[in-house]
Structure formats: structure tokens, C-alpha cells
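If you read the protein sequences in the order shown, they are chains W and X. Numbered by the working numbering, the letters in the first sequence go through residues 1 to 329 in order. Numbered by the working numbering, the letters in the second sequence go through residues 330 to 658 in order. Think of the CB as a built atom: it goes at the ideal place given N, C-alpha and C, for glycine as much as any other residue. Remember, predicted model here, so these are calculated numbers, not experimental data.
Number of protein chains: 2
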Amino acid sequence: MEQHRIDQTTRSTSADLVEELLKGSQQAAARLISLVEDRDPRSLGYLQRLSPYTGRAYVIGVTGPPGTGKSTLVDAMTRILRREGKRVGIIAVDPTSPFSGGAILADRIRMQDHSTDEGVFIRSMATRGSLGGLAPATGDAVAILDAMGYDPIFVETVGAGQVEVDIVRTSDSVIVVTVPGLGDYIQTLKAGIMEIGEIFVVNKADHGDAERTTAEIKAMLELAGRQEGWNPPVVKTVALNGSGVEEVLSAVWAHRAYQETNGLLVERRRRRRKEEILRILEEKVRERIHRSTVSTGQLDELAERTLQGELDPYSAADLLYKALFLPGS
Amino acid sequence: MEQHRIDQTTRSTSADLVEELLKGSQQAAARLISLVEDRDPRSLGYLQRLSPYTGRAYVIGVTGPPGTGKSTLVDAMTRILRREGKRVGIIAVDPTSPFSGGAILADRIRMQDHSTDEGVFIRSMATRGSLGGLAPATGDAVAILDAMGYDPIFVETVGAGQVEVDIVRTSDSVIVVTVPGLGDYIQTLKAGIMEIGEIFVVNKADHGDAERTTAEIKAMLELAGRQEGWNPPVVKTVALNGSGVEEVLSAVWAHRAYQETNGLLVERRRRRRKEEILRILEEKVRERIHRSTVSTGQLDELAERTLQGELDPYSAADLLYKALFLPGS
Chain W
1 MEQHRIDQTT RSTSADLVEE LLKGSQQAAA RLISLVEDRD PRSLGYLQRL SPYTGRAYVI
61 GVTGPPGTGK STLVDAMTRI LRREGKRVGI IAVDPTSPFS GGAILADRIR MQDHSTDEGV
121 FIRSMATRGS LGGLAPATGD AVAILDAMGY DPIFVETVGA GQVEVDIVRT SDSVIVVTVP
181 GLGDYIQTLK AGIMEIGEIF VVNKADHGDA ERTTAEIKAM LELAGRQEGW NPPVVKTVAL
241 NGSGVEEVLS AVWAHRAYQE TNGLLVERRR RRRKEEILRI LEEKVRERIH RSTVSTGQLD
301 ELAERTLQGE LDPYSAADLL YKALFLPGS
Chain X
330 MEQHRIDQTT RSTSADLVEE LLKGSQQAAA RLISLVEDRD PRSLGYLQRL SPYTGRAYVI
390 GVTGPPGTGK STLVDAMTRI LRREGKRVGI IAVDPTSPFS GGAILADRIR MQDHSTDEGV
450 FIRSMATRGS LGGLAPATGD AVAILDAMGY DPIFVETVGA GQVEVDIVRT SDSVIVVTVP
510 GLGDYIQTLK AGIMEIGEIF VVNKADHGDA ERTTAEIKAM LELAGRQEGW NPPVVKTVAL
570 NGSGVEEVLS AVWAHRAYQE TNGLLVERRR RRRKEEILRI LEEKVRERIH RSTVSTGQLD
630 ELAERTLQGE LDPYSAADLL YKALFLPGS
């Protein structure tokens, strides 16, 4: 299998992007992910062609407050999975950075560790445009790595807000990483993260009172009535030296088996697929709205009338809505 | 004018919410903003009725990295504006907090300062649902305070990511707050914030090398070619003791005069109005999509077919799109 370099030649024959990608070209994957981040219209056709090859990878979401060592934990899990012969995808999302400079730098630093390893693909995602596009772009990046045969795929989010919660919700298992002493912080502010966790990790367990934090998380889970169904385990780790990392992976596979036995994984993926279809549909509709309102000057005219006080914005939207769906009326 | 308490009686006569609000009831305003945050369908009718009373307030966006003293600066400006007899609205947005507990606490603490002052209205906004709704909800909250005659209205964002940039973009003047020593940080990571700033504040100027930070910001502005048109001033403040705060307000009014003279304010508000109409339209369309796909079971059926491998998600979205716009075909 021939390896292509990114040069003018391959750029111009972008019709073969999908083929290159299915042959395993990380450069082709990186290029398609960039198109996806830019919401380039060409990306839709490529993603459609990749679609039949997706749905195989197990997707593991990793989230938690900044500074808890999420990347170190993901790297430690990746080393173990590589020894087992698995090809690992890592997608790191940083919604707080509107520009990708920082993300790209982080990629380079992390890639050095695996730079000679074709079995690991690391990619950072940044909000190039609006934040609304980050969650779908992450989903598309997962699909691309999935089609290339990376399995499992980690989706790691750097922050701890609503966007991150939305993003890790698209995975098959969610690991929430914390550190000793962060208990109170999480308890008061980050309830959203606690609710979505299926495996809890107390990292840097060699510093501070890890036992107490573990007990606090368990108490919170009990209070939340989470003891029914899957009982989220709380694992103590020191990701830097690998301690406890095997146990985290075992917990992930146990969660997978639990979901497979109960039909929950199928249900979870069905829900995700529905959201994906709706998202593609909404994007198409948004394009149509743009064509029929912005390009025709109709929006300009109506906005002007609202600024003159002849019309309120809600009635203006109503008129556009009618023109969109009842063009004959 | 009678003051109503929030009790079961006023809740049931919510038809008068708009009237109460226009009479100056802060309770009515708080209730309508809650409806707006929840994307409650009733809010649309209320906002439409308020629409004729909006468009008067000058909206001042305040953003910058965490810990730079944005709230303290806004409070200091508010005290000056109150002495001038102005009624001031303050909307504090924290996109990093998916739950409103923290925001509400912050409200209470800040309100103590102005609790006996009917001329100040402070409200925190949190992401109750998806993050995509926070920017529009903030715009609606501005409209509500505007209709009540608060002028100016501060929109203060706690974080420093893309959402915050989107939110402060909806204001008439944007103040970016930084502190001595943060120069490098801003230079590398927060370029998005630098691009939108129209007035720069180096707060806590009594700590660290404020002169150097001021010089760095000026150098960056020059590098960015920002010297054409409006030349963003850089003001040193110690918001805690009020030092320099008058100058910040003078800079805001100078920026306002500049925009009014050049027709830029009208242009800015026209663009904002267009975005607002499009946003209302997209919300209506999203409802229609929900009705015609989710409720009818069509989405379930198509998702199932994609999971069986009969169809890809892009073709499924295509079928839904056609059903939506070409129901006869």
C-alpha cells in the first residue's frame, strides 16, 4: 500500500480522499476532518461515502474539570490497548479555544509519543466558527476514524461546561475524571458532569485524600438514586505511572458488556443516529433558509421595516416562514 | 403604582405579565426571563408585545478572561450611572455553568449592593438546556430590560470562549477587560477577544506592570491594523476603588458618538436585527421539523433503516427534507 504525502498532486485529486482514507492514510483523514471543521459543503459527500464503513468502533468519552489529567489517562489507556494490538483513535476537543493554534500545538506534543505508531491517530478539534458546529464536527470525526478501523475511539474534552457534556453524550461509555479534593467543587457546580458519568476516576490518587473523594463521589451517586441499573464504579489511578489504568479499562469493558446484555447499547446508538439525521436535516434547511431569505434580499427588506417600526421581528419571521413553506399563498 | 408579589394569584393571571413589566415590575421581568431561558413557547407572544418598546437602550458588552474583575468594573460603572440618574440593566452570562445554582447565588450577593435601588436590575443567565440557546436568550433578556426603560444595559460574560464572543457581539460597544501580566496569555490564545474589543481596560492597574500590558495591547492593535477608523483606547483602572472608571464610561460614550456620526450604529443594529429575525425563523422551522419527523415516527423508521445498513444518514435526511418541502412528491 502506497503512502501519499500531502502535496499539490494529492490535493488536486481530492476525489480520491475517501479511497486514500479507507486505505489508512492519516493525511487524508486529517484533511477530511479539516473540511468537516470548516463545514465545507464537499465534506457531506465524503461522509456519505464513508457511512457504510462506520458503526463498528466503541466510543469512550472522557471528561472532567481542567487539570485532572484526562490526556495523561487517555495516553496510558492507549499504551495498554496498543499492547493488545488495538488501533486507537483519540479526538481531543477544546471548546474554550476559539482558535486552533493551541490545539495544534498540543497535538504535536502528544503525537511525539506515538509518532512512529501508525496504530494511533490523535486529532484536536477546535471551534473554528460557531460553537454550535463543534459537537456535530466531533461526531463526524468519530465516524471518519471509525471507518478507518480505529477501535476504540476516545473523545476527550478539555473543559467542563455544557458543550463538553453534549459532546461526551455522543459516546458509548462516559468516564468522568476528577482528583482528590475536587469533591466540593464538583458537588456544587458541575452536577451536569456527575449525571453523565458511567465510570468515575479519581486520578492523582497519590496526592491528597483520594479515599475521601472516592467516598464523596459514591455518596453523591447514591443520593442521586444511581444505584439502580448500572452502578458506576469509582477507580483510583495515578495515570502518570499507569497505576489503576488497567482497572479503568476493565470498568469500560464491563460497562460495555452490561449495555450489550440489556439492549442498552443498541438503544443508545439508535438515539444517537436519530440526532445525527436531524442534525443533517437542520443543516440542509438552514441552507435553504439562507438561499430564500438572505440571497433574495427579503430579509433585508423585512429587517428595515422592523427598524422603521412598521413590523415586529416575530411577524417578520412569520412572513418568511410562510414564504418558505407556502410559496403559492 | 401597585407592587405585586410573586404568588399564586399573579402566576395565574400571567396574561398581564407584559403590562406588569411595562409598569416596571422587576418580578414580572424575572419571570419572563425565566420563560425565555426555558424556551417556553409562551415567551414568544410576550416578546412580540414588548417589541414596539425596544431599540432605545445602549447595550455595552463586557468580556475578558476569568478573574479580571469584570463584575467589579460593571458595578463601579453602575454607581456612576446611577448618580447621573440613569436606570441600569445588568445581564451576567456564564456559559461554563450548565446549571443556574451558582449564577443565582452570584445574583443574590450582587443584588445586596443595589437591593433597595429600583433603578438597577441584575440578572444572571445560565445554560439551562443546550448552549445554542444562550446567545438568543441573552438577546431576549436585553430586549425585556430595554422595553422597561433600562438604559444602558450591560451584558457581562464570565468566560472567554466562542460563546462569550458571540454574546458580546450583540452589543453596541464591547469592553475587553484584562489585568497586568495577562498580555502573553491573551496574545497567544484569546485572539478572538482581541478582535472584538472596542475599549480595552487594564484593571487591577495597581498590581503588576500595567504600563507594559497597556503598551502590549496597543502594539497588538497596531499589528492588527486596527488604527483605521475607530482607534480602541486602552484605559487603566482599579475598579475596586473606582479609579479610572469614569474614563471607561467616557470612552464608551466617545465610541457611541463615533458610531452615530458615521452611521455605524444603525448598520450594527440592522445586522443584529437580521440575525434576530433569522433566529426566530429557525426556531419555528425546528418546531415544524419536530412535528413532521419526530412525532410522526418517520424519523424512527428511517433511523432503523440506517442501522440495518439499508440507508445512510445523509440519504435519510434527504428523504425527510423532501417530505418537508415537497409533501406531494
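C-alpha distance - residue i paired with residue j, whole-angstrom precision
{"i": "arginine 268 of chain W", "j": "alanine 476 of chain X", "result": "45 Å"}
{"i": "glycine 592 of chain X", "j": "leucine 221 of chain W", "result": "57 Å"}
{"i": "glutamine 627 of chain X", "j": "serine 621 of chain X", "result": "8 Å"}
{"i": "alanine 632 of chain X", "j": "lysine 236 of chain W", "result": "39 Å"}
{"i": "arginine 411 of chain X", "j": "arginine 452 of chain X", "result": "17 Å"}
{"i": "alanine 30 of chain W", "j": "lysine 86 of chain W", "result": "20 Å"}
{"i": "glutamate 118 of chain W", "j": "alanine 76 of chain W", "result": "17 Å"}
{"i": "arginine 273 of chain W", "j": "phenylalanine 121 of chain W", "result": "24 Å"}
{"i": "leucine 594 of chain X", "j": "glutamine 588 of chain X", "result": "5 Å"}
{"i": "alanine 254 of chain W", "j": "glycine 61 of chain W", "result": "15 Å"}
{"i": "leucine 324 of chain W", "j": "glycine 244 of chain W", "result": "57 Å"}
{"i": "phenylalanine 154 of chain W", "j": "leucine 145 of chain W", "result": "10 Å"}
{"i": "alanine 251 of chain W", "j": "aspartate 151 of chain W", "result": "17 Å"}
{"i": "glycine 526 of chain X", "j": "alanine 257 of chain W", "result": "52 Å"}
{"i": "leucine 346 of chain X", "j": "valine 18 of chain W", "result": "57 Å"}
{"i": "arginine 271 of chain W", "j": "valine 74 of chain W", "result": "26 Å"}
{"i": "glycine 45 of chain W", "j": "glutamate 604 of chain X", "result": "29 Å"}
{"i": "asparagine 231 of chain W", "j": "leucine 22 of chain W", "result": "38 Å"}
{"i": "proline 41 of chain W", "j": "glycine 229 of chain W", "result": "42 Å"}
{"i": "proline 65 of chain W", "j": "phenylalanine 529 of chain X", "result": "30 Å"}
{"i": "aspartate 300 of chain W", "j": "glutamate 413 of chain X", "result": "38 Å"}
{"i": "threonine 170 of chain W", "j": "lysine 70 of chain W", "result": "18 Å"}
{"i": "valine 294 of chain W", "j": "leucine 326 of chain W", "result": "18 Å"}
Neighbourhood of residue i by C-beta distance below 8 Å, restricted to the same chain and skipping five residues each side
{"i": "glutamate 195 of chain W", "result": "Ala224"}
{"i": "serine 43 of chain W", "result": "Leu32, Leu35, Val36, Asp140"}
{"i": "leucine 249 of chain W", "result": "Met77, Ile80, Leu81"}
{"i": "arginine 385 of chain X", "result": "Asp475, Gly478, Asp480"}
{"i": "aspartate 209 of chain W", "result": "Pro180, Gly181"}
{"i": "isoleucine 606 of chain X", "result": "none"}
Rounded distance between the beta-carbons of residue j and residue i, thought under 8 Å
{"i": "isoleucine 419 of chain X", "j": "threonine 407 of chain X", "result": "7 Å"}
{"i": "glutamate 156 of chain W", "j": "valine 93 of chain W", "result": "7 Å"}
{"i": "valine 179 of chain W", "j": "threonine 296 of chain W", "result": "Not really, about 55 Å apart at Cβ, beyond 8 Å."}
{"i": "glutamate 503 of chain X", "j": "threonine 392 of chain X", "result": "Correcting the residue identity first, residue 503 of chain X is valine in this sequence and not glutamate. Indeed they touch by this definition, with Cβ atoms about 7 Å apart."}
{"i": "asparagine 532 of chain X", "j": "valine 497 of chain X", "result": "With 8 Å as the limit, asparagine 532 of chain X and valine 497 of chain X do not qualify as a contact, their Cβ atoms being about 16 Å apart."}
{"i": "leucine 47 of chain W", "j": "aspartate 140 of chain W", "result": "6 Å"}
Contacting residues, own chain, Cβ-Cβ under 7 Å from residue i (five flanking each side not counted)
{"i": "aspartate 535 of chain X", "result": "Val567"}
{"i": "leucine 569 of chain X", "result": "Thr401"}
{"i": "lysine 547 of chain X", "result": "Val563"}
{"i": "proline 642 of chain X", "result": "Thr635"}
{"i": "alanine 143 of chain W", "result": "Leu47, Leu50, Thr54"}
{"i": "isoleucine 618 of chain X", "result": "Leu653"}
Own chain, CB closer than 6 Å to residue i, minus 5 neighbours either side, in chain order
{"i": "glycine 501 of chain X", "result": "Here residue 501 of chain X is aspartate; the residue named in the question, glycine, does not match the sequence. If we look at aspartate 501 of chain X and ignore the five residues flanking it on each side, its Cβ neighbours are Tyr387, Val388."}
{"i": "glutamate 247 of chain W", "result": "Val235"}
{"i": "alanine 316 of chain W", "result": "Leu302, Thr306"}
{"i": "arginine 279 of chain W", "result": "Pro136"}
{"i": "glycine 242 of chain W", "result": "Ala76"}
{"i": "threonine 214 of chain W", "result": "Val202, Val234"}
{"i": "glycine 431 of chain X", "result": "Bear in mind that a pLDDT of 42 at glycine 431 of chain X, under 50, signals an unreliable position, so the model cannot answer this."}
Within chain B, the residues that residue i reaches when beta carbons sit closer than 7 Å
{"i": "leucine 550 of chain X", "result": "This model lacks chain B altogether, as its protein chains are W and X."}
Counting beta carbon pairs with one atom in the segment 380-394 of chain X and one in the segment 307-318 of chain W, are three or more of them shorter than 8 Å? The answer is yes - the segment 380-394 of chain X touches the segment 307-318 of chain W, with three or more Cβ pairs under 8 Å.
Would you call the segment 316-326 of chain W in contact with the segment 606-626 of chain X, where contact means no fewer than 3 C-beta pairs closer than 8 Å? Three or more pairs of CB atoms, one per stretch, sit closer than 8 Å, so the segment 316-326 of chain W contacts the segment 606-626 of chain X.
Compile a chain-ordered list of the residues in the segment 27-53 of chain W whose CB is closer than 8 Å to at least one CB of chain X. Leu44, Leu47, Gln48, Ser51, Pro52
Listed from N- to C-terminal order along the chain, which residues in the segment 302-316 of chain W have their beta-carbon within a distance smaller than 8 Å of any beta-carbon of chain X? Hits within the stretch, in order: Leu302, Ala303, Glu304, Thr306, Leu307, Gly309, Asp312, Pro313, Tyr314, Ser315, Ala316.
Please identify, using Cβ separations under 9 Å, the residues of the segment 279-294 of chain W that lie next to chain X, in order along the chain. From the segment 279-294 of chain W, only Arg279, Ile280, Leu281, Glu282, Glu283, Lys284, Val285, Arg286, Arg288, Ile289, His290, Thr293, Val294 have a Cβ closer than 9 Å to chain X.
Going along the chain, which residues of the segment 66-94 of chain W sit with their C-beta nearer than 7 Å to a C-beta in chain X? none
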